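Going line by line, the protein sequences match chains A and B. Under numbering that gives the first Met the number 0, think of the first position of the first sequence as 0, with each following residue one higher. Under numbering that gives the first Met the number 0, think of the first position of the second sequence as 0, with each following residue one higher. Where a beta carbon is used, it is the ideal one built from N, C-alpha and C, also for glycine. All of these numbers come straight from a predicted model, not from anything done at the bench.
There are 2 protein chains.
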Amino acid sequence: MARPRSFDRDHVLHAAERQFRASGYNGTSVDDISAATGLGRGSLYGAFDGKHGVLLEAMAGYFGRLAQGPRKMLDGPDEGALERLHAYLLRAVHGVPLAPDVAPASDRAGAACFAAKMALEVGASDPEVKRLANDCFSVVRAAVAECVRAAQRNGDLDPDADPDDLAYLLLTVIRGSDVVGAYGHSPDRLTSIAESAFALLPRPRHT
Amino acid sequence: MARPRSFDRDHVLHAAERQFRASGYNGTSVDDISAATGLGRGSLYGAFDGKHGVLLEAMAGYFGRLAQGPRKMLDGPDEGALERLHAYLLRAVHGVPLAPDVAPASDRAGAACFAAKMALEVGASDPEVKRLANDCFSVVRAAVAECVRAAQRNGDLDPDADPDDLAYLLLTVIRGSDVVGAYGHSPDRLTSIAESAFALLPRPRHT
DNA sequence: ACGCTTCTTGACAAGTCAGTACAGAACTGC
DNA sequence: GCAGTTCTGTACTGACTTGTCAAGAAGCGT
């Protein structure tokens, strides 16, 4: 019937995401997006709905990828749940909350959670961004909480601890490492932060 | 000799900080700063050096205020160090890393650490902002580490734990609560995050 | 009271921004 | 091969941006 699109939508959104990450939302112009994606202005406005539309769709795409990561790494049998949580924590503080098969970003700053970055920059005045970011946080938190519960069932964590509280705390550590880690601290430091957090998780009291 | 300035420099910088907080760096125009501070364009360029200069000085002012808060709350005798740490944590996760005499901000989002916000938005391409933010983090971290050491000396924390590791971890929790707390979570949730973190601090093993 | 220096105000110019419109290209279906 | 539809690229517009400049106001010292 008509001419098909000559670009891959997801690929374009990913390129836009990188650009937003590097320069922030207000720091990137439509021309920047155009250059980063290779698309002309017209195509951008046709396929998405301008700059804001690109952001929302890029965040949605990020959410889609993000949602699978923790589940893949954390879901599973009760045995090994604590080890899975350990492995996930170590990855997540380095800004790689995705599945094990995606390579870590070369620079920690660029790897900071996209949702968190956008939420902090424009979330206060942009309810849609705020909501998308919250979705990102929730999906991670839910997966972590479930993994904590599994570890509790397996007797690896104190059953009296509130798994939701622990999940919130771990999520907070992960988000915090985006900020702390992005600027001035070595990967080793991030690793030791993750190890410290993990080591402090409440073990069952062996009576 | 000459006409003196008709405005209070610190007051202006504080107003600019609020504006930067609300709209981000790239999201606020010089006119916005002008409106927020009441200063005309010319005065802004005369007193500071344009928008970027205002940001740097506002961050420096923030640093100055920030640096005193943790010290005031955390420094002191070894007895009570753990309690001081507890009180500080509770305040800090609510975005009030300042001295006890400054009132908490009404909105958690606006209270997110100014340095962290700016660093995340423009730090990647702005070394000066990056450095200032790191200074802010360091001063808090050093005060926390010292307080941890005091608590260890007093026998309230496990002396085998690395105080610097703990300080990094706590700083990360505080920074993370800027992000987690700013969007969608209640103050109660933040309090419980702080309490969880505090409860997990390694107590001395009573043989 | 006067001159000097600095501050303040408003306006200005050059550049950039987002979004639109239009013309041409490309592909599908027949 | 042709018609129709959609995509693509570019040029354009109006608004907004930053930084500068010059003229007037305000205080200080004498």
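One question on the structure: do residue i and residue j come within less than 8 Å of each other, judged by their Cβ atoms?
i                     : j                     : result
residue 199 (chain A) : residue 201 (chain B) : yes
residue 72 (chain B)  : residue 61 (chain B)  : no
residue 92 (chain A)  : residue 180 (chain A) : yes
residue 78 (chain B)  : residue 25 (chain B)  : no
residue 135 (chain A) : residue 84 (chain A)  : no
residue 89 (chain A)  : residue 193 (chain A) : yes
residue 185 (chain A) : residue 164 (chain B) : no
residue 174 (chain B) : residue 175 (chain A) : yes
residue 46 (chain B)  : residue 2 (chain B)   : no
residue 132 (chain A) : residue 44 (chain B)  : no
Note down, in chain order, each residue of its chain lying with its Cβ closer than 6 Å to the Cβ of residue i, except the 5 sequence neighbours on either side.
i                     : result
residue 196 (chain B) : 172
residue 138 (chain A) : 66
residue 69 (chain A)  : 139 and 142
residue 149 (chain A) : 77 and 80
residue 169 (chain A) : 143
residue 50 (chain B)  : 29
residue 42 (chain B)  : none
Apart from the five residues just before and just after residue i, which ones in its own chain have a Cβ nearer than 8 Å to its Cβ?
i                     : result
residue 151 (chain B) : 157, 158, 160 and 162
residue 52 (chain A)  : none
residue 166 (chain B) : 140, 141, 143, 144 and 147
residue 124 (chain B) : none
residue 155 (chain B) : 80, 81, 202 and 203
Give a single yes or no on whether residue i has its beta carbon closer than 7 Å to a heavy atom of the ligand ZN.
i                     : result
residue 175 (chain A) : Ligands are entirely absent from the displayed structure, and the ligand ZN is therefore not among its contents.
Looking only at its own chain, which residues have a Cβ that is under 7 Å from the Cβ of residue i, when we skip the five neighbours before and after it?
i                     : result
residue 40 (chain A)  : 29 and 33
residue 129 (chain A) : 118 and 122
residue 127 (chain B) : 55
residue 15 (chain A)  : 32, 35, 36, 53 and 57
residue 75 (chain A)  : 83
residue 18 (chain B)  : 27, 31, 32 and 35
Problem - Segments of 3+ residues assigned as beta strand (DSSP E) that fall wholly inside the stretch 43-88 of chain A - result: none
Exercise for the section: Answer yes if the stretch 34-41 of chain B comes into contact with the stretch 7-18 of chain B, meaning at least three C-beta pairs across the two stretches below 8 Å, and no otherwise. Expected result: With the cut-off at 8 Å, the stretch 7-18 of chain B and the stretch 34-41 of chain B touch.
Problem - Sufficient close CB pairs (3 or more, under 8 Å) joining the stretch 48-63 of chain B to the stretch 112-124 of chain B - result: yes
Exercise for the section: Specify whether the stretch 64-71 of chain B and the stretch 64-81 of chain A touch according to this definition: at least 3 beta carbon pairs, one from each stretch, less than 8 Å apart. Expected result: no
Problem - Sufficient close CB pairs (3 or more, under 8 Å) joining the stretch 113-132 of chain B to the stretch 118-132 of chain A - result: yes
Handout entry: alpha helix (DSSP H) segments (min. 4 residues) lying fully within the stretch 133-205 of chain A
Key = 162-181 and 186-199
Practice task
Quick one: which unbroken alpha helix (DSSP H) runs of 4-plus residues sit fully inside the stretch 8-44 of chain B? Chain order, please.
Solution key: Taking only runs of at least 4 residues, the alpha helix (DSSP H) segments lying wholly in the stretch 8-44 of chain B are 8-22 and 29-36.
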